[in-house]
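Asks:
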Amino acid sequence: MRGASTSVSVRTVERTVINMGSQRRRPTRVPLLTARHKALLLSWARQHYHWTVDDCKHVAWSDESRFQLYRTGARVRAWTHHYTINPVCQQGTVQSGGASVMVWDVCSWRDMGPLIRLETTLTEMNIIEDIRDALLHAVKNRSPPPQNPMDLWAVLQDAWCELSPRYLQTLVESMPHRVAALLCVRGGPTRY
């Protein structure tokens, strides 16, 4: 209809988009990469493009990670019919994630090195990030959850020791795919 104008509500548009198969999601979190970061990552990927899994077996992987007792920034919604002070509709908060533990870790094809607690901070395409995610998953699923930095440190050490050599080997074997993915996106964010 040419020249006709119809007014629709935001809710009608949302409902139509949902009916068309779209879903509302939070954006995927990726590291913020400057042009310089992308150029450095792309250069690194080009230098290592021809590496095989055997080449990757001779690398020691290391990184530092911060683990927080409480996640911050998580978006939680409570549905109510009216405003209430009901504890079920409340979420406690702490500044800066509360207490945290900073660790440095190292691993290779053959074994896991020590997990060392750091008092300060010591970043890129590194399989240690996957290990960090595995440790975060272990902390998140621990019952009862850690209540203080000493508990958190103990949980991290337990989870570190439970990582299997095969898990580590699978990560090392993924390196050629990671490099290829990095080249495809010209140094930008990848799924790894």
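Heads up, the sequence shown stops at 194 in the numbering used here, and the numbers go up one at a time, no gaps. Glycine included, each C-beta is placed from N, C-alpha and C at the ideal position.
My output table needs one value for S110: the three-state DSSP class, helix, strand or coil.
Replies: If DSSP states are grouped into helix, strand and coil, S110 belongs with coil.
Asks: By DSSP, does W63 sit in helix, in strand, or in coil?
Replies: If DSSP states are grouped into helix, strand and coil, W63 belongs with the strands.
Asks: Answer with buried or exposed for C163, where buried requires no fewer than 16 other C-beta atoms within 10 angstroms of its C-beta.
Replies: Under this definition C163 is an exposed residue.
Asks: Taking Cβ positions, are L158 and L184 nearer each other than 9 Å?
Replies: No, they are not a contact pair.
Asks: Is L185 helix, strand or coil by DSSP?
Replies: Reduced to three states, the DSSP call for L185 is helix.
Asks: Would you kindly work out how many angstroms separate the C-alpha atoms of L120 and Y51, rounded to a whole number?
Replies: Going by the C-alpha atoms only, they are around 33 Å apart.
Asks: Beta-carbon separation of W53 and M152 under 9 Å?
Replies: Against a cut-off of 9 Å, the Cβ pair of M152 and W53 comes out as no contact.
Asks: Rounded to the nearest angstrom, what separates A182 and W111 at their Cα positions?
Replies: If I take the Cα positions, the gap works out to 20 Å.
Asks: Can you tell me the Cα-Cα spacing of I20 and D107, whole angstroms?
Replies: Straight-line Cα distance between these residues: approximately 44 Å.
Asks: In the DSSP assignment, find the alpha helix (DSSP H) that holds V32 and state where it starts and stops.
Replies: V32 -> no alpha helix (DSSP H), and no H or E assigned at all.
Asks: Under the rule that 16 or more other beta-carbon atoms within 10 Å means buried, what is G189, buried or exposed?
Replies: Result: buried.
Asks: What are the residues that DSSP puts in a beta bridge with I130?
Replies: DSSP output for I130 lists no bridge partner at all.
Asks: I need the DSSP call for L165, collapsed to helix, strand or coil.
Replies: Three-state DSSP puts L165 in coil, outside helix and strand.
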